[in-house]
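Colleague: Read in full-length UniProt numbering, the sequence shown has 249 at position 249, and its numbers run on one by one without any break.
Attaching a single structure in structure tokens format; questions to follow.
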Amino acid sequence: MTAKPAAAAARSTVHGYPRQGPNRELKKAIEGYWKGRVSTAALEETARDLRRSNWQQLAEAGIHEVPTGDFSYYDHVLDTSVMVGALPSRHRAAVEADALAGYFAMARGTQDVAPLEMTKWFDTNYHYLVPELGPGTVFTADSTKQVTELKEALALGHTARPVLVGPITYLLLAKPAPGVAPGFDPLTLLDRLLPVYAEVLADLRAAGADWVQLDEPALVQDRTPAELNAAERAYRDLGTLTDRPKLLVASYFDRLGEALPVLAKAPVDGLALDFTDAAAANLDALAAVGGLPGKRLVAGVVNGRNIWINDFEKSLTILGTLLGLADRVDVASSCSLLHVPLDSSAERDIDPQIHRWLAFARQKTSEIVTLARGLGEGTDTIAAELAANRADLASRAGSALTRDPAVRARVAGVTDTDGRRSQPYAERAVAQRAHLGLPLLPTTTIGSFPQTTELRTARADLRRGRIDTAAYEERIKAEIQEVIAFQEKTGIDVLVHGEPERNDMVQYFAEQLTGYLATQHGWVQSYGTRYVRPPILAGDISRPEPMTVRWTSYAQSLTGRPVKGMLTGPVTMLAWSFVRDDQPLGDTARQVALALRDEVNDLENAGSSVIQVDEPALRETLPLRSADHADYLAWATESFRLATSGVRPDTQIHTHMCYAEFGDIVQAIDDLDADVISLEAARSHMQVARELAEHGYPREAGPGVYDIHSPRIPGVSEAADLLRKGLQAIPAERLWVNPDCGLKTRDWPETRASLENLVAAAREVRSEL
Ligand code: GLN
Ligand code: ZN
1 MTAKPAAAAA
11 RSTVHGYPRQ
21 GPNRELKKAI
31 EGYWKGRVST
41 AALEETARDL
51 RRSNWQQLAE
61 AGIHEVPTGD
71 FSYYDHVLDT
81 SVMVGALPSR
91 HRAAVEADAL
101 AGYFAMARGT
111 QDVAPLEMTK
121 WFDTNYHYLV
131 PELGPGTVFT
141 ADSTKQVTEL
151 KEALALGHTA
161 RPVLVGPITY
171 LLLAKPAPGV
181 APGFDPLTLL
191 DRLLPVYAEV
201 LADLRAAGAD
211 WVQLDEPALV
221 QDRTPAELNA
231 AERAYRDLGT
241 LTDRPKLLVA
251 SYFDRLGEAL
261 PVLAKAPVDG
271 LALDFTDAAA
281 ANLDALAAVG
291 GLPGKRLVAG
301 VVNGRNIWIN
311 DFEKSLTILG
321 TLLGLADRVD
331 VASSCSLLHV
341 PLDSSAERDI
351 DPQIHRWLAF
361 ARQKTSEIVT
371 LARGLGEGTD
381 TIAAELAANR
391 ADLASRAGSA
401 LTRDPAVRAR
411 VAGVTDTDGR
421 RSQPYAERAV
431 AQRAHLGLPL
441 LPTTTIGSFP
451 QTTELRTARA
461 DLRRGRIDTA
471 AYEERIKAEI
481 QEVIAFQEKT
491 GIDVLVHGEP
501 ERNDMVQYFA
511 EQLTGYLATQ
521 HGWVQSYGTR
531 YVRPPILAGD
541 ISRPEPMTVR
551 WTSYAQSLTG
561 RPVKGMLTGP
571 VTMLAWSFVR
581 DDQPLGDTAR
591 QVALALRDEV
601 NDLENAGSSV
611 IQVDEPALRE
621 TLPLRSADHA
631 DYLAWATESF
641 RLATSGVRPD
651 TQIHTHMCYA
661 EFGDIVQAID
671 DLDADVISLE
681 AARSHMQVAR
691 ELAEHGYPRE
701 AGPGVYDIHS
711 PRIPGVSEAA
721 DLLRKGLQAI
731 PAERLWVNPD
741 CGLKTRDWPE
751 TRASLENLVA
761 AAREVRSEL
């Protein structure tokens with residue numbers, strides 16, 4: 001690992017930084033602006049202050065080149081749509097009248113005008129606003145935001161590099177605008193888009209940009225030859241412009257694969273590549289193309305997606321190898337630090353031992369600087385940091401938290417039989433029918449009922465010591481009584497307790513499992529002004545005691561109808577947390593699965609005949625490269641089965657999925673071996689029912705007939721029509737009636753009316769059978 005000093009001092013940079021500020025100042029200012037309490041000028045000033053302090057933090061830490069333009073009031077893809085003038089026509093007037101108000105209207109919609117669609121940014125939990133393009137799209141350059149932010153940074157004396165979403169990624173992330181034929185391929189607009197990028201690049205150069213970064217993460221996904229050709233053409237065109245800054249093309253989240261030779265040959269001045277474990281193949285691939293002679297390589301060795309300290313020796317080894325492969329090697333984060341919380345030193349409640357293992361954005365920044373120093377000036381200059389890093393890593397590897405012998409022995413002892421129910425589905429279905437005695441087209445809900453202000457207040461009061469546990473629990477019990485009484489009165493067949501005690505479907509369990517950590521200030525942007533605090537899978541996972549049995553049993557004690565036990569599945573627990581980087585994801589999933597298995601078994605023993613294990617994240621966790629899908633699906637489905645296979649044949653296991661289309665993973669859904677699945681389907685007119693049928697899916701299914709994302713109350717005949725459509729694909733013996741998802745974001749009045757209509761629709765359609 002003795003990296004010899006680089007010819008020139010190695011430099012350091014990051015691709016982007018958390019936008020919110022230490023106390024989520026940006027969120028507060030924007031929401032204040034929406035409510036009319038904060039003026040445009042005041043919001044702009046808050047934003048400018050945050051940018052200034054971010055750059056200052058980076059520069060003071062020793063980062064040589066700070067990013068600009070990565071800041072956003074809402075989303076950087078929406079900013080790119082503004083930059084290239086691709087505004088949906090329905091919003092154009094509003095944007096012209098007031099740019100900022102119009103910007104937020106595109107993001108959030110107004111009473112009369114729909115917003116842009118929002119979807120996940122690759123396999124992160126950040127959501128972007130999907131550009132809407134069509135054959136008639138006319139692009140026009142508006143470099144104002146990029147130029148302004150660059151000038152701000154330059155005026156403050158920083159070396160700055162504007163960061164833009166690249167043209168290929170921009171087009172690949174777009175969708176046909178409403179009214180445009182769905183077959184329209186936005187990539188056909190490339191020739192129209194490139195001159196606009198050229199103009200922005202010229203403007204940035206005129207404003208003083210030496211380098212500009214173009215982000216092309218879409219190139220780490222499987223790409224067709226035509227798409228790779230488009231990338232080649234784009235960077236040939238942009239690279240041969242005369243009036244341009246130096247171009248750095250960045251990729252992250254996975255290996256570049258076939259796109260690597262394309263970009264390596266392009267007449268651009270540098271590439272930024274991800275060299276973390278997930279993209280380790282980049283190293284060999286880079287050597288295979290003969291490196292990047294004459295180019296700058298920005299080496300993403302510090303993981304921008306997890307919260308763990310870096311392994312300095314490992315990174316220095318990689319960096320040492322890279323020195324031989326490019327003209328200049330800079331040290332960087334693997335991607336924008338947007339995906340991690342700001343500062344681990346703000347966490348006061350985390351065990352000091354564990355604290356040493358954590359690196360949020362600020363800590364990652366100093367890791368990058370240290371590595372750059374080690375690379376440029378020799379590892380002796382960072383001897384103290386190396387020793388401390390080695391000690392921290394050793395303390396993690398040797399900790400009882402990360403290595404619990406009992407958990408490891410149990411995982412090692414898992415057999416195939418543990419992951420298999422004692423009878424095949426067809427036989428279980430008969431036993432369950434006899435045991436549960438449900439009507440045809442049974443009605444149920446997905447789990448949560450409205451999380452009212454009173455419930456949230458009660459939880460906050462408990463946290464602040466304003467009420468005691470007994471008072472809080474009385475409040476929860478009262479809510480459960482109400483939820484059960486309502487469902488009985490309405491005539492729902494399989495009831496739920498309503499999840500009033502849960503702050504969040506992952507955090508609730510994380511708080512009760514050993515090895516899982518919650519943060520106090522670990523906010524990460526999910527979309528716009530919505531921030532989440534993902535818990536941390538820090539060590540081996542075990543369940544000290546039952547987590548949900550009390551509440552489910554209490555609910556069951558109030559009614560003769562079956563009450564569904566309600567758990568979050570292993571894949572979703574991982575997907576919405578920060579995962580360990582010191583063992584394969586599948587190992588962590590198996591540990592979580594075994595903890596859940598005990599909970600499932602305890603629920604059964606306490607009298608639950610129906611238990612639901614939610615896996616809404618199964619589809620979204622699918623790896624970016626299809627070559628990696630089989631591995632993922634193998635551990636994902638295995639861990640679900642491990643969690644759910646310990647029950648009797650007549651106990652009915654449900655699962656639930658939403659937030660995605662499922663057509664391409666029906667086989668995996670089947671492999672879960674659940675008895676019943678409920679899925680989001682109302683908005684797509686039961687499309688998923690047809691997809692299940694085409695696949696020959698043999699189990700019971702409840703494609704949702706009530707879109708819970710909207711306050712709209714579905715009418716009886718509307719829900720009945722959807723059910724009839726469902727019956728064309730799924731026979732009556734296997735069709736369930738339920739909403740698309742949980743009701744926690746809804747209010748009681750619409751929940752009541754909607755569920756009454758849903759039961760009436762089920763009765764109407766039953767009478768036709
Ligand atoms: N059981 C959960 C609920 O109803 C499921 C939530 C989800 O799928 N996102 O709230
Ligand atoms: Zn859902």
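Think of the CB as a built atom: it goes at the ideal place given N, C-alpha and C, for glycine as much as any other residue.
Sort A617, T453, D277, A388 by Cα distance to G569 and report the nearest one.
Modeller: Your numbering for residue 569 matches position 569 in the sequence shown. Checked all of A617, T453, D277, A388; the closest Cα to G569 is A617.
Colleague: With DSSP as the reference, label S366 as helix, strand or coil.
Modeller: To locate residue 366, count along the sequence shown from 1; it is residue 366. Note: S366 maps to helix in three-state DSSP.
Colleague: Residues bridged to Q525 by DSSP?
Modeller: For this step, residue 525 is matched to residue 525 along the sequence shown. According to DSSP, Q525 bridges with Y531.
Colleague: For F509, which residues of its own chain have a beta-carbon under 7 Å away from its beta-carbon, when the five flanking residues on both sides are left out?
Modeller: For the purposes of this step, residue 509 is identified with residue 509 of the sequence shown, where counting begins at 1. Hits under 7 Å: M547, T568, M573.
Colleague: Less than 8 Å separating the Cβ of G294 from some heavy atom of the ligand ZN?
Modeller: Reading the sequence shown from its first residue, position 294 is the one you call residue 294. No.
Colleague: For the alpha helix (DSSP H) containing Y697, list its first residue and its last residue.
Modeller: Translated into the one-based positions of the sequence shown, residue 697 becomes position 697. Unbroken run through Y697: none, as it is neither H nor E.
Colleague: Can you say whether Q432 is buried or exposed, counting buried as having 16 or more other CB atoms within 10 angstroms of its CB?
Modeller: Taking the first residue of the sequence shown as 1, we reach residue 432 at position 432. Result: buried.
Colleague: Can the beta-carbon of S251 be found closer than 9 Å to that of V220?
Modeller: Residue mapping note: residue 251 aligns to position 251 of the sequence shown, counting from 1. Residue mapping note: residue 220 aligns to position 220 of the sequence shown, counting from 1. Yes, the pair counts as a contact, with Cβ atoms nearer than the cut-off.
Colleague: At a threshold of 8 Å, does T445 count as lining the ligand GLN (C-beta to nearest heavy atom)?
Modeller: Along the sequence shown, one-based indexing puts residue 445 at 445. Correct: T445 has its Cβ closer than 8 Å to the ligand GLN.
Colleague: Name the one or two DSSP bridge partners that residue 770 has.
Modeller: Because residue 770 is not part of the residues shown, which for the chain are 1 to 769, the question remains open.
Colleague: Does the stretch 159-172 touch the stretch 208-216, meaning 3 or more C-beta pairs lie closer than 8 Å?
Modeller: The answer is yes - the stretch 159-172 touches the stretch 208-216, with three or more Cβ pairs under 8 Å.
Colleague: List, from N- to C-terminal side, the alpha helix (DSSP H) runs of 4 residues or more that fit wholly inside the stretch 75-123.
Modeller: Counting whole runs of 4 or more residues, the stretch 75-123 contains the alpha helix (DSSP H) stretches 76-83, 89-97, 99-108.
Colleague: If you drop the 5 nearest sequence neighbours on each side, which residues of the same chain put their C-beta closer than 7 Å to that of residue 773?
Modeller: Any answer about residue 773 is impossible in this case: the structure gives the chain only from 1 up to 769.
Colleague: Since M566 sits in a beta bridge, which residues does DSSP pair it with?
Modeller: Residue mapping note: residue 566 aligns to position 566 of the sequence shown, counting from 1. The partner list for M566 (beta bridge, DSSP) reads Q612.
Colleague: Taking 7 Å as the limit between beta carbons, can you name the residues of its chain near R766, skipping five residues before and five after?
Modeller: Indexing the sequence shown from 1 puts residue 766 at position 766. Excluding residues within five positions, the ones whose Cβ falls inside 7 Å are P439, L440, L441.
Colleague: What are the boundary residues of the beta strand (DSSP E) that includes A332?
Modeller: Reading the sequence shown from its first residue, position 332 is the one you call residue 332. A332 -> beta strand (DSSP E) spans 326-333.
Colleague: Going by alpha carbons, who is nearest to W357 out of V340, I307, A384?
Modeller: Indexing the sequence shown from 1 puts residue 357 at position 357. W357 has its Cα closest to that of I307, out of V340, I307, A384.
Colleague: Taking its Cβ as the centre, do 16 or more other Cβ atoms sit within 10 Å of V430, making it buried, or is it exposed?
Modeller: One-based indexing of the sequence shown puts residue 430 at position 430. The residue is exposed, with fewer than 16 neighbouring Cβ atoms inside 10 Å.
Colleague: Please state whether the Cβ-Cβ distance between L591 and V705 is less than 9 Å.
Modeller: Counted from its first residue, the sequence shown places residue 591 at position 591. Counted from its first residue, the sequence shown places residue 705 at position 705. The question names Leu, yet the displayed sequence has Gln at residue 591. Contact flag unset, no.
Colleague: Out of V84, Q525, L624, state which residue places its alpha-carbon closest to the alpha-carbon of N23.
Modeller: By one-based count along the sequence shown, residue 23 stands at place 23. It is Q525.
Colleague: From A636, A174, D675, Q353, pick the residue whose C-alpha is nearest to that of T402; which is it?
Modeller: As a position in the sequence shown, residue 402 is number 402, starting the count at 1. Measuring from the Cα of T402, the nearest candidate turns out to be Q353.
Colleague: Any idea what DSSP makes of I30, helix, strand or coil?
Modeller: Residue 30 sits at position 30 when you count from the first residue of the sequence shown. Of the three classes helix, strand and coil, the one that applies to I30 here is helix, per DSSP.
Colleague: Report yes if the C-beta distance between P714 and A682 is below 9 Å; otherwise report no.
Modeller: As a first step, residue 714 is located in the sequence shown; it is residue number 714 there, counting from the start. As a first step, residue 682 is located in the sequence shown; it is residue number 682 there, counting from the start. Contact: yes.
Colleague: Hey, quick one: how far does the beta strand (DSSP E) through H656 stretch, first residue to last?
Modeller: One-based indexing of the sequence shown puts residue 656 at position 656. From DSSP, the beta strand (DSSP E) with H656 extends over 652-657.
Colleague: Taking 6 Å as the limit between beta carbons, can you name the residues of its chain near K744, skipping five residues before and five after?
Modeller: Position 744 of the sequence shown, counting from 1, holds the residue named residue 744. Answer for K744: S448, Q451, listed in chain order.
Colleague: Quick check on DSSP: helix, strand or coil for A160?
Modeller: Reading the sequence shown from its first residue, position 160 is the one you call residue 160. Strand at A160.
Colleague: Starting from the N-terminal side, write out each stretch of the beta strand (DSSP E) that is 3 residues or longer and does not extend beyond the stretch 37-72.
Modeller: Listed in chain order, the complete beta strand (DSSP E) runs (minimum 3 residues) inside the stretch 37-72 are 66-68.
Colleague: Check whether the Cβ atoms of T655 and R597 lie closer than 9 Å to each other.
Modeller: Here residue 655 is taken as the residue at index 655 of the sequence shown, counted from 1. Here residue 597 is taken as the residue at index 597 of the sequence shown, counted from 1. No, these two residues do not count as a Cβ contact at 9 Å.
Colleague: Kindly examine the ligand GLN and report whether one of its heavy atoms sits closer than 8 Å to the Cβ of A499.
Modeller: To locate residue 499, count along the sequence shown from 1; it is residue 499. Ala is not the amino acid found at residue 499; the sequence shown has Glu there. The answer is yes for E499.
Colleague: CA-CA distance, G586 and T621?
Modeller: To locate residue 586, count along the sequence shown from 1; it is residue 586. To locate residue 621, count along the sequence shown from 1; it is residue 621. Computed Cα separation, rounded: 12 Å.
Colleague: Terminal residues of the continuous alpha helix (DSSP H) containing I318?
Modeller: For the purposes of this step, residue 318 is taken as the residue at position 318 of the sequence shown. Start and end: 312-323.
Colleague: May I have a chain-ordered list of the alpha helix (DSSP H) segments no shorter than 4 residues that lie completely inside the stretch 164-247?
Modeller: Runs found: 167-173, 190-206, 225-239.
Colleague: Could you tell me whether the Cβ atoms of E216 and G166 are closer together than 9 Å?
Modeller: On the sequence shown, residue 216 is found 216 positions in, with the first residue counted as 1. On the sequence shown, residue 166 is found 166 positions in, with the first residue counted as 1. Yes, these two residues count as a Cβ contact at 9 Å.
Colleague: Are Y74 and L129 close, meaning C-beta to C-beta below 9 Å?
Modeller: Your numbering for residue 74 matches position 74 in the sequence shown. Your numbering for residue 129 matches position 129 in the sequence shown. Yes.
Colleague: Would the beta-carbon of D747 be found less than 8 Å away from any heavy atom of the ligand GLN?
Modeller: In the sequence shown, counting from the first residue as 1, residue 747 sits at position 747. Result no, Cβ not under 8 Å from the ligand GLN.
Colleague: With distance defined between alpha-carbon atoms, name the residue in G69, F253, P500 nearest to R48.
Modeller: Here residue 48 is taken as the residue at index 48 of the sequence shown, counted from 1. For R48, the nearest C-alpha among the options comes from G69.
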